[in-house]
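Comments concern the structure below.
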Amino acid sequence: MEHAVLLTKQPDNGYTARSLLLPEIVVSGDDEASTLAQLRTALIEVQQHSRVVQIDVPLPDATTSNPWLRLAGVFADDPSWEEFQAAIAIHRAQLDEPQA
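Taking my numbering, the leading residue of the sequence shown gets 227, the next gets one more, and so forth.
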């Protein structure tokens with residue numbers, strides 16, 4: 227299995243390496259080869275004692291997670307809604323007119 231590795235040269239002329247898939251595993255060494263060998267050993271150790279499993283995490287209920295949903299449809303039966311929308315359109319048109 228191939229791993230993308232971030233290999234970083236340190237100011238003290240050493241190297242650090244971390245797998246991008248498991249960034250919590252960080253190793254240091256004097257040269258690139260020994261640093262990568264240490265990381266390979268650490269990854270093999272993790273793979274031998276670990277497994278990937280799938281778990282189901284339920285999504286939060288949309289009605290409780292979005293506070294605006296309780297207001298949805300509040301103007302559904304408002305007789306002045308069309309008049310209100312027309313007033314908004316007129317106001318927007320006035321804002322779009324060039325200033326003299």
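Cβ coordinates follow ideal geometry from the N, Cα and C atoms, glycine included. Note that this is a predicted model, so its numbers are computed, not measured.
Could you tell me which whole alpha helix (DSSP H) segments of length 4 or greater appear in the region 234-316? 258-274 and 288-291
With a threshold of 16 other CB atoms inside 10 Å of the CB of Ser306, please say whether the residue is buried or exposed. Counted from its first residue, the sequence shown places residue 306 at position 80. The residue is exposed, with fewer than 16 neighbouring Cβ atoms inside 10 Å.
Go through its chain and collect everything with a Cβ distance to Pro324's Cβ below 7 Å, but skip five positions before and after it. As a position in the sequence shown, residue 324 is number 98, starting the count at 1. Nothing listed; no residue qualifies.
If we count the other Cβ atoms within 10 Å of its Cβ and call it buried at 16 or more, is Ala313 buried or exposed? As a working note, residue 313 is residue 87 in the sequence shown. Exposed.
Which residue's Cα is closest to the Cα of Leu232: Thr261, Glu308 and Asp238? In the sequence shown, residue 232 corresponds to position 6, counting from 1. Residue Thr261 is the option with its Cα nearest to Leu232.
Tell me, please, which residues DSSP counts as bridged to Leu232. What you label residue 232 is simply residue 6 of the sequence shown in a count that begins at 1. Leu232 is bridged to Arg244.
Nearest neighbour of Met227, chosen from Arg318, Val252, Ile270 and Pro284 [CA to CA]: Translated into the one-based positions of the sequence shown, residue 227 becomes position 1. With distances taken between Cα atoms, Met227 lies closest to Ile270.
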